[in-house]
Amino acid sequence: MDFTFRISGMAGDGVKGAGMVAARLFSRLGYHVFVHLEYQSLIRGGHNAALVRVSSRKVRCHSDRGDLLIALQDYVVPRHRNYVERVLYDSSGFSLDEGYALPMGEFARQVKAPPVFRNAAALGALCHLYGVELELLSGIYRDAYGEKAEKDILLAELGYRYAEEHFERIREVKRAGEARALLDGNQSAALGAVKAGLRCYYAYPMTPSTSVLHFLAARRRELGVTVVQPENEIAAAVMAIGSAFAGARVMVGTSGGGFALMQEAFSLAGMAEVPVLFLESQRSGPSTGMPTWHAQQDLRFVLHSGHGEFPRIVASPGDVEDAFYLAGELLNLAWRYQTPAVLLMDRYLSESATTAEIDAERVREEPPLLYRGEPGEYRRYLITDSGVSPLAFPPEVVLKATGNEHDELGFTTDDAEVSSRMYEKRMRKMQGIVEELRQRQAVRTFGEGRDVVFTWGSSTGAAVEAAEELGLKVVQVRYLSPFPTWEVEKLSIERAACVECNYTGQLASLLREHACIEAELITRHDGRPFTAGELVPRLEEVFG
Amino acid sequence: MKLATQAKIVWCPGCGNFGILKAFKDAVGELEVDLRRLVLVSGVGCHGKIADYLALSSFHTIHGRVPAMLAGIKLANPELIAVGFAGDGDAYNEGLVHLIHAAKKNIDATLIVHDNAVYGLTTGQATATSARGFRGRSTPEGNPEEPLNPVALMLASGASFVARGYAGDASHLKEIIKEAILHRGFAFVDVLQPCVTFNNTWKLYREKVHKIKDTPESIDEAMRLARAEDEIPVGILYREERSTYEEEMRIEPRDADVSALLERMR
């Protein structure tokens, strides 16, 4: 079983919330679910949509084709009509020549609820159309809204009864197994970092990273995380460096434009050897671009960000589960190597909720190298073979950190010999990171064969589904700095393609640079993520 | 614990920074605090070198961002005593937004601004506090801007402790710094400091600086003193008690049960 339905209306119609409630109906029935959201940068009006795909197999991306559109406004119908078989619409608001006419607005008036509630009637009708027990929907409302769920439940019942009388059932969806967890990439990354000991999260709001801020702020006491929205991104990054200097594990969240503002601080973290994890969720640029749309345009930017040279660890998760593990891994690695790390997310991964099986116990807070000597003899930047100096914090020691070049004690220097040795000490950490990544999963492979589809980030989902259909191998490059040349070079490749959401093929250029691999580009830069359905013909062009 | 370090002091002879360094050393010497709890942050400029001259924990950070780093340190460990040093170009030009928000938030930290009304380390350009008509190397025909009044700005921004000191009177400045460090909340000290090389204001300050006896009771009176022009009042111009940002925002770390939270997301 694999089907999709869509809910669409204007901003303010509760489209996202309705989509998530509807998705949870099926995740609780044991199905795999993927929710893709489309929205615009406005508060009221415009066009919002939630596409919910339900399947008995693991789903890695959304699908354009669907059973049904639930239309809350008339003007959204033409946008979706060609992709769905039928339309369920609010007949109190407008009329169509076809489809299921459900007087949602009138039901809302009957129960004295504002119009935004009318999608609950639609979800009641949806339960009938898919043969789902109404009680399951009421339970989801109760879990989400507690005592305030009363009107949603009443409306759902009115919608359900009306649909029972007037509409033909589309399909029977029976329970497929135990309830599955449903969460998006931002939530997953946040929890992975928490599992690795996150103590502080600082972020200035910026789509598509903002929901990390909301998610952690709402659960800050339960999770033991200090959550602050400071005056701007520069403050967020510098505060983070201050907190890590004082001994707290910290993450900063932003998108490309915000990360651009953090460049000087990013470089400071490299020079002062302060572990900070940056979560950068890409959106469509350049500049303000299309703020609510997807892109993978910042890979080169992040790899080269910050002035000067210093070790950095950059990794990009391919799905919601991967986001959890990588966030935890990167926070640990940042502390082990005392250098900044970037979790490079993207809009599609950040904001698409999917069913996920996460083994939280796979991530733990791994202790960094700590100083055990006499407090009076502490040298923050002790030169070692590994380049890693033992850590200690005030008030236990006098700790001198600086963005200036410095000696072992942290005093400013411009001595040629001292500065040269200190520069080399910092850069030597890169070797340790490479050795460490050789033990970890630097790439993920799916399928077999010598026709290889390279990809990264959330494009992995559509690439894997399309490649399964065509019998191709997919390689998701998880770690992007240091680049896992050792993994890529051992692949046996006949023909290669590279799937990514940008214009120039940034991963493809890294494959050429590090491993002399020429991959055919399959890119897009229209703010839309790939679907498997779109990728199949494009991959066929490459691989014949 | 001795405060001097191995670092050779490289400020110009006669620089106002010496007065600030002496006042600070004397202040922490007299305040019976655990010096290991003191954490200094300095910005970029001549003043920033002060981190090298004090045998205390310190972070010599990037230009303009001292208040943000103080906030990060205090949110991570409120037991630390955070003292920032910034220059006027640092605090009033490059990073003004952080200064205003640190005051507004009431971060429990002290900020001492070495206000010499000129960029010294970059050899003499006008800053936000340079006088109108100041001839710097980037304003050869004179600075066309009116100077910012940082003390008035901090009063308007909600700083809970606002003082103006003078680098030429280290013992008076020491008393201000002691009170600033003891203050619970954001303590702002603008220190009038001549730059002997690029903006030598010793004569002006000797004539005009005037010590106030008591801290005014009202913010209106503080504002009147802040804006006085005939003479330059120095001393603690304003103080009030209110909750600090860390008290409001800091969450005590705990071992979170992430598995249980994931279970609830089913």
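Protein chains in written order, with my numbering: chain A, 1 to 544; chain B, 1 to 266. The beta carbon of each residue, even a glycine, is placed where N, CA and C say it ideally should be.
Cα separation between Gly-165 (chain B) and Pro-144 (chain B)?
Residue 165 (chain B) sits at position 165 when you count from the first residue of the second sequence. Residue 144 (chain B) sits at position 144 when you count from the first residue of the second sequence. In a straight line, the C-alpha of Gly-165 (chain B) is about 26 Å away from that of Pro-144 (chain B).
In chain order, what residues of the same chain have a beta carbon less than 6 Å from the beta carbon of Asn-119 (chain A), not counting five sequence neighbours either side?
Residue mapping note: residue 119 (chain A) aligns to position 119 of the first sequence, counting from 1. So the list reads Gly-14 and Ala-18, once near-sequence residues are dropped.
Output, in chain order, the set of chain A residues within a Cβ distance shorter than 8 Å of Met-265 (chain B).
For the purposes of this step, residue 265 (chain B) is taken as residue 265 along the second sequence, with counting starting at 1. Within chain A, the residues near Met-265 (chain B) are Ala-181, Leu-182, Leu-183 and Gln-187.
With distances taken between CB atoms, is the gap from Glu-494 (chain A) to Arg-426 (chain A) smaller than 7 Å?
Position 494 of the first sequence, counted from the first residue, corresponds to residue 494 (chain A). Position 426 of the first sequence, counted from the first residue, corresponds to residue 426 (chain A). No, these two residues do not count as a Cβ contact at 7 Å.
Any contact between the region 139-154 of chain B and the region 88-103 of chain B? By contact I mean 3 or more CB pairs, one from each, below 8 Å.
Yes, they touch.
Measuring alpha carbon to alpha carbon, tell me which of B:Ile-112, B:Pro-233 and B:Glu-141 ends up nearest Glu-179 (chain B).
Position 179 of the second sequence, counting from 1, holds the residue named residue 179 (chain B). Measuring from the Cα of Glu-179 (chain B), the nearest candidate turns out to be B:Ile-112.
Taking 8 Å as the cut-off, does the region 107-117 of chain A touch the region 154-161 of chain A (at least 3 CB pairs, one atom from each stretch)?
The region 154-161 of chain A vs the region 107-117 of chain A: in contact.
If you check the beta carbons only, do Asn-93 (chain B) and Cys-195 (chain B) fall under 7 Å apart?
Sequence index remark: in the second sequence, residue 93 (chain B) carries index 93 (1-based). Sequence index remark: in the second sequence, residue 195 (chain B) carries index 195 (1-based). No; because the gap between Cβ atoms is not below 7 Å, this pair is not in contact.
So is Lys-58 (chain A) in contact with chain B if we call contact Cβ pairs under 7 Å?
The count along the first sequence starts at 1 and reaches residue 58 (chain A) at position 58. So, not an interface residue.
Pop quiz: Ile-236 (chain B) and Phe-186 (chain B) are said to be a contact at Cβ under 8 Å. What is the actual Cβ separation, rounded to whole angstroms?
As a position in the second sequence, residue 236 (chain B) is number 236, starting the count at 1. As a position in the second sequence, residue 186 (chain B) is number 186, starting the count at 1. With a Cβ gap of about 14 Å, Ile-236 (chain B) and Phe-186 (chain B) do not count as contacting.
Pair every Cβ in the region 195-215 of chain A with every Cβ in the region 345-356 of chain A, then say whether three or more of these pairs are closer than 8 Å.
Because the criterion of three Cβ pairs below 8 Å is met, the region 195-215 of chain A and the region 345-356 of chain A touch.
Please confirm whether Leu-40 (chain B) has its beta-carbon closer than 7 Å to some beta-carbon of chain A.
What you label residue 40 (chain B) is simply residue 40 of the second sequence in a count that begins at 1. Cβ-Cβ to chain A under 7 Å: no for Leu-40 (chain B).
How would you call Asn-578 (chain A), buried or exposed, if buried means at least 16 neighbouring beta carbons within 10 angstroms?
Outside the shown range of chain A, which is 1 to 544, sits residue 578 (chain A), and nothing can be said about it.
Under the assumption that Tyr-503 (chain A) contacts Thr-523 (chain A) (Cβ atoms under 8 Å), give the Cβ distance between them as a whole number of angstroms.
Numbered from 1 along the first sequence, position 503 holds the residue referred to as residue 503 (chain A). Numbered from 1 along the first sequence, position 523 holds the residue referred to as residue 523 (chain A). Contact flag correct, Cβ pair sits at about 6 Å.
Among the residues of its own chain, which have a CB less than 6 Å from the CB of Leu-134 (chain A), if the five just before and after it don't count?
Counting from 1 along the first sequence, the entry for residue 134 (chain A) is found at position 134. Result list for Leu-134 (chain A): Cys-127 and Tyr-160, in chain order.
Relative to the C-alpha of Tyr-141 (chain A), which candidate in A:Ala-11, A:Leu-123, A:Asn-186 and A:Val-225 has its C-alpha closest?
Counting from one through the first sequence, the residue named residue 141 (chain A) turns up at place 141. Ranking A:Ala-11, A:Leu-123, A:Asn-186 and A:Val-225 by Cα distance to Tyr-141 (chain A) puts A:Leu-123 first.
Once DSSP output is grouped into helix, strand and coil, what is the label at Ser-218 (chain B)?
Here the question's residue 218 (chain B) lines up with position 218 in the second sequence. Looking at Ser-218 (chain B) - three-state DSSP - the assignment turns out to be coil, as it is neither helix nor strand.
With a threshold of 7 Å between beta-carbons, can Phe-186 (chain B) be considered close to chain A, or not?
Start at 1 with the first residue of the second sequence, and residue 186 (chain B) comes out as number 186. Chain A, which has no Cβ nearer than 7 Å to the Cβ of Phe-186 (chain B), makes this no.
Just to confirm my understanding: we take Ser-545 (chain A), look at its own chain, exclude 5 residues before and 5 after, and list those with CB closer than 6 Å. What are they?
This structure does not reach residue 545 (chain A), given that chain A is present from 1 up to 544, and the question cannot be answered.
Give the interface partners of Ser-243 (chain A) over in chain B, defined as CB-CB distance under 8 Å, in chain order.
As a working note, residue 243 (chain A) is residue 243 in the first sequence. By Cβ distance, chain B contributes Gly-72, Ile-73, Leu-75 and Ala-76.
Taking 7 Å as the threshold (beta carbon to beta carbon), is Glu-546 (chain A) in contact with chain B?
With chain A covering only 1 through 544, there is no way to say anything about residue 546 (chain A).
Against chain A, does Ile-181 (chain B) count as a neighbour if the rule is that its beta carbon must be under 7 Å from one of theirs?
Counted from its first residue, the second sequence places residue 181 (chain B) at position 181. No, its Cβ sits nowhere closer than 7 Å to a Cβ of chain A.
By DSSP, does Gly-175 (chain A) sit in helix, in strand, or in coil?
As a first step, residue 175 (chain A) must be located in the first sequence, where it is residue number 175. According to the sequence as given, residue 175 (chain A) is Arg; it is not Gly. Three-state result, Arg-175 (chain A): coil.
List the whole-angstrom C-beta distance separating Ala-189 (chain A) from Leu-343 (chain A), where the pair is believed to meet the contact cut-off of C-beta under 8 Å.
Here residue 189 (chain A) refers to the residue found at position 189 of the first sequence. Here residue 343 (chain A) refers to the residue found at position 343 of the first sequence. Contact flag correct, Cβ pair sits at about 6 Å.
For Arg-175 (chain A), which option in A:Glu-147, A:Leu-136 and A:Ser-284 has the closest C-alpha, if you only look at C-alpha atoms?
On the first sequence, residue 175 (chain A) is found 175 positions in, with the first residue counted as 1. The residue with the shortest Cα to Cα distance from Arg-175 (chain A) is A:Leu-136.
Indicate whether Leu-262 (chain B) and Ile-358 (chain A) have their beta-carbon atoms separated by less than 7 Å.
Within the second sequence, the letter at position 262 stands for residue 262 (chain B). Within the first sequence, the letter at position 358 stands for residue 358 (chain A). Yes, the Cβ-Cβ distance between Leu-262 (chain B) and Ile-358 (chain A) is below 7 Å.
Which partner residues does Lys-400 (chain A) have in the DSSP bridge list?
Within the first sequence, residue 400 (chain A) is the residue found at index 400, counting from 1. DSSP output for Lys-400 (chain A) lists B:Ser-58 as bridge partner(s).
Going residue by residue through the region 85-160 of chain B, where are the continuous alpha helix (DSSP H) segments of at least 4 residues, counting only ones entirely within it?
Taking only runs of at least 4 residues, the alpha helix (DSSP H) segments lying wholly in the region 85-160 of chain B are 96-105 and 150-157.
Leaving out five residues on either side along the sequence, give the residues of the same chain with a beta carbon under 7 Å from the beta carbon of Leu-303 (chain A).
Position 303 of the first sequence, counted from the first residue, corresponds to residue 303 (chain A). Closer than 7 Å at the Cβ level, and outside the excluded window around Leu-303 (chain A), lie Val-314, Leu-480 and Ser-481.
Roughly how many angstroms separate the alpha carbons of Leu-37 (chain A) and Ala-442 (chain A), rounded to a whole number?
Indexing the first sequence from 1 puts residue 37 (chain A) at position 37. Indexing the first sequence from 1 puts residue 442 (chain A) at position 442. In a straight line, the C-alpha of Leu-37 (chain A) is about 29 Å away from that of Ala-442 (chain A).
Using the rule of at least 16 other Cβ atoms within 10 Å of the residue's Cβ for burial, across every protein chain shown, is Val-87 (chain A) buried or exposed?
Counted from its first residue, the first sequence places residue 87 (chain A) at position 87. Val-87 (chain A) should be labelled buried.
Closer than 6 Å by C-beta to Asp-2 (chain A): which residues in its own chain qualify, once you throw out the five before and the five after it? Chain order, please.
Mapped onto the first sequence, residue 2 (chain A) falls at position 2. If we look at Asp-2 (chain A) and ignore the five residues flanking it on each side, its Cβ neighbours are Ser-55.
Determine the chain B residues that contact Asn-404 (chain A) at a beta-carbon separation under 8 Å, and present them in chain order.
Here residue 404 (chain A) is taken as the residue at index 404 of the first sequence, counted from 1. Ordered by position in chain B, the residues that pass the 8 Å Cβ test against Asn-404 (chain A) are His-60.
Kindly confirm or deny that the region 389-402 of chain A and the region 362-380 of chain A touch, where touching means at least three C-beta pairs closer than 8 Å.
Yes, since at least three Cβ pairs between the region 389-402 of chain A and the region 362-380 of chain A fall closer than 8 Å, the two stretches touch.
Glu-32 (chain B) touches chain A at which residues, Cβ-Cβ below 8 Å?
Within the second sequence, the letter at position 32 stands for residue 32 (chain B). Residues of chain A passing the Cβ test: none, with the nearest at roughly 15 Å.
Can you give me, in chain order, the residues of the region 13-30 of chain A that have a beta carbon less than 8 Å from any beta carbon in chain B?
Hits within the stretch, in order: Ser-27 and Arg-28.
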